[in-house]
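Chains A and B are the protein sequences, given in the same order.
Counting from 1, one number per residue, gives the positions in the first sequence under my numbering.
Counting from 1001, one number per residue, gives the positions in the second sequence under my numbering.
Even glycine gets a Cβ: it sits at the ideal position worked out from N, Cα and C.
Scroll down for the structure; my scribbles are underneath it.
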Amino acid sequence: MSLFEMPTLMAGVTETGGFGAAVKARSNIFDMTQAAEEAVLRPDECGAFPHDMRAALAARIAAQSGDRVLAEHHAKAAGAMAPLSDPTQDGTASHPVLIAFVDKAANATKDIAAEDITRLQSAGVGDADIVRLCELVAFVAYQLRVVAGLRLMQGGKT
Amino acid sequence: MSRVVHKFTRRVPQWEPRVTPVRLDEATPAQLDALKVTPSNTRVSAYVLTLAHDVESLAVRSPLFNAIMYDEGGMSRAERELGAIAASMVNRCIYCAAVHADRHAKLENSTEITDRLFAQGADAELSPRDAAIFTFARKLSEAPPEAGPEDMSALRDAGLTDAEILDLTLSTALFGWANRLMHVLGDPVRPEGTA
């Protein structure tokens, strides 16, 4: 299911209302956003992060932002990686450095420093995988803010 | 040698990657193809060569970026830049803030608004419309997002249409993405000896 087919997000939206007309006028952007979700969450070339792990991390970031609907959307594809989607789990057992980085890049972006990248490199994460991980965190940050804005436009709360 | 820039500025610094970028002479056909669809294809920057490590994301993000910031209709380009600036200030992406403050100043033919934003941040004295736009974008950029119904009401009270509010949401959210690449993967720098 596409994000923009989510019943809770687009309930009652018609093309004739101001909101519906605005969304329709930017349908190219919503199509490209969906293509971005495919490219970031389900790429052909995964590097060190298979699809289920990407979905779990996306669900984790959405949950940390209090977006239960988006968290559930991503958690459906988390499979065996589901424990990583739980923000109360710090991933100490399996992926401590990775999870610490994801949490900081997603939620304390301004505090990220060169050392955070060095720490990933020292833990054996390759440069291409560091870029992949940043794209994942960054895309979900975008997606959850688009969803939050759309909800507010329809009279809801973030 | 170069030094890292820590203060907001409109004078665009250089960007120095924290990881090793893809070498153009070693790029795969898919990477070369994606590099063509970047916003500036005259010169491939270190930033784009860094992002080429994840070619599938790069290929979809460049056209999305251009559509959100430059497609016709809806919100003015300068006001979309305000969304980008607000996000970049929240995330302290010095490089993104500089590029988009510079664009805003050029589009408006005035540095007044970005001077105030960089000097006073959230307390900057702005017109009611700019204040509503900046406040919404700033709060949407927080993690978790803090924008609420009162911020949406302020946008509507300031006269923004649904099309404009949607464009503001998109440009602000887009920089939630861009900042997490630019600020995380590299440093804004100036060569030593320059002011």
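- Between the beta-carbon of B:Val1019 and that of B:Pro1013 there is about 18 Å, and that puts the pair past the 8 Å contact cut.
- With 16 or more neighbouring CB atoms inside 10 Å of its own CB, B:Ala1052 falls in the buried class.
- Residues of chain B with a Cβ closer than 7 Å to the Cβ of A:Ile99 do not exist, since the nearest Cβ in that chain sits about 16 Å away.
- Not flagged as an interface residue toward chain B: A:Ser85, since no C-beta distance is shorter than 7 Å.
- At the C-beta level, B:Ala1067 and B:Ala1034 stay beyond 7 Å of one another.
- DSSP places B:Glu1016 in the uninterrupted beta strand (DSSP E) bounded by Gln1014 to Pro1017.
- The three-state secondary structure of B:Pro1191, taken from DSSP, is strand.
- Chain B places a beta carbon closer than 7 Å to that of A:Thr109, counting this residue as a contact.
- If you draw a straight line from the Cα of B:Phe1118 to the Cα of B:Ala1086, it comes to about 10 Å.
- The C-beta distance from B:Leu1024 to B:Val1055 rounds to 13 Å, too long to fall under 8 Å, and the pair is not in contact.
- Residue range Arg1077 to Val1090 is occupied by the alpha helix (DSSP H) that includes B:Val1090.
- Out of B:Phe1065, B:Arg1061 and B:Ala1030, the CA that lies nearest to the CA of B:Ser1171 is found in B:Phe1065.
- Look at B:Ser1057 here: in three-state DSSP terms it is helix.
- With a threshold of 16 other beta carbon atoms within 10 Å, B:Lys1007 falls short and is exposed.
- For B:Ala1034, no Cβ of chain A is located within less than 7 Å of the residue's own Cβ.
- DSSP lists B:Val1189 as the bridge partner or partners of B:Val1004.
- Counting only Cβ-Cβ distances below 8 Å, B:Ile1165 has contacts in chain A at Ala22, Gly149 and Met153, in chain order.
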